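Residue numbers (full-length UniProt numbering): 1 to 137.
Beta carbons are placed, not taken as given, at the ideal position from N, Cα and C, and that holds for glycine.
What you are looking at is a predicted structure, and each value in this text was computed from that prediction instead of being measured.
So the structure is just underneath, and the comments pick up after that.
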Amino acid sequence: MFRRILFSVVFAVAVAPSPEATIAGVVPVPAPVMAGPLSLTAGRTQQPATAPRSGSQTLRVEVQGRALSLSVVRAGSTGLAVLSAPAHSVIGNLPDMTPADFQTIAARESGCSVSGEVQVLGSDRGTVALATGLSCS
Numbered sequence: 001m002f003r004r005i006l007f008s009v010v011f012a013v014a015v016a017p018s019p020e021a022t023i024a025g026v027v028p029v030p031a032p033v034m035a036g037p038l039s040l041t042a043g044r045t046q047q048p049a050t051a052p053r054s055g056s057q058t059l060r061v062e063v064q065g066r067a068l069s070l071s072v073v074r075a076g077s078t079g080l081a082v083l084s085a086p087a088h089s090v091i092g093n094l095p096d097m098t099p100a101d102f103q104t105i106a107a108r109e110s111g112c113s114v115s116g117e118v119q120v121l122g123s124d125r126g127t128v129a130l131a132t133g134l135s136c137s
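Here it is, written out as structure tokens:
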């Protein structure tokens, strides 16, 4: 129950349109899309000095040449990681990746170990978000 509520909140924050795009009335040009094997080298654009004990953070990670949003919410020693396309992205679905690839990225970027199964949120456009639980010590 707690995970479902936490997932709903994180997902709503991750897919909400940014105020800048709404105020300006324009959508930024997307990054070029390249086909190729899955690259697990994720680059952070926001890196806290120390991992927060509780709270949330949104990191920008790069997968297959696409910038994606990784939202991490922590409450004590538990947490939730949600990977989704940024709100300003023209391509609203995620690139094809295995649950193990997502868990690797979530563990590396959050500094926590992954717990539980990967939950897939799909639509007629494809996969729009992946979520997994975190165990942080």
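Enclosing alpha helix (DSSP H) for residue i [first to last residue]
| i | result |
| --- | --- |
| Ala87 | Ala87 -> no alpha helix (DSSP H), and no H or E assigned at all. |
| Thr98 | That residue, Thr98, is in no alpha helix (DSSP H); it is neither H nor E in DSSP. |
Closest residue to residue i among the options (Cα-Cα distance)
| i | options | result |
| --- | --- | --- |
| Val61 | Gly133, Leu80, Ser77, Leu94 | Leu94 |
CB-CB length for residue i against residue j, believed under 8 Å
| i | j | result |
| --- | --- | --- |
| Val128 | Ser84 | 6 Å |
| Gly126 | Leu80 | Gly126 to Leu80, Cβ: 22 Å. No contact. |
| Arg107 | Leu70 | In the sequence as presented, Arg is not what sits at residue 107; that position holds Ala. No, Ala107 and Leu70 are not in contact; Cβ-Cβ is about 11 Å, not under 8 Å. |
Neighbour-count burial assignment, residue i, 16 or more Cβ in a 10 Å radius
| i | result |
| --- | --- |
| Gly55 | exposed |
| Ala100 | exposed |
| Pro52 | With a pLDDT of 48 at Pro52, under the threshold of 50, the modelled position of that residue is not reliable, and no figure is offered here. |
| Arg66 | buried |
| Arg4 | exposed |
| Ser110 | buried |
Range of the contiguous beta strand (DSSP E) that encloses residue i
| i | result |
| --- | --- |
| Gly133 | 126 to 135 |
| Gly122 | 113 to 123 |
| Gly92 | Here Gly92 belongs to no beta strand (DSSP E), and DSSP marks it neither H nor E. |
| Ser77 | No beta strand (DSSP E) holds Ser77; DSSP gives it neither H nor E. |
| Gln57 | 55 to 63 |
Residues that DSSP places opposite residue i in a beta bridge
| i | result |
| --- | --- |
| Ser8 | Ser8 pairs with nothing; no bridge assigned. |
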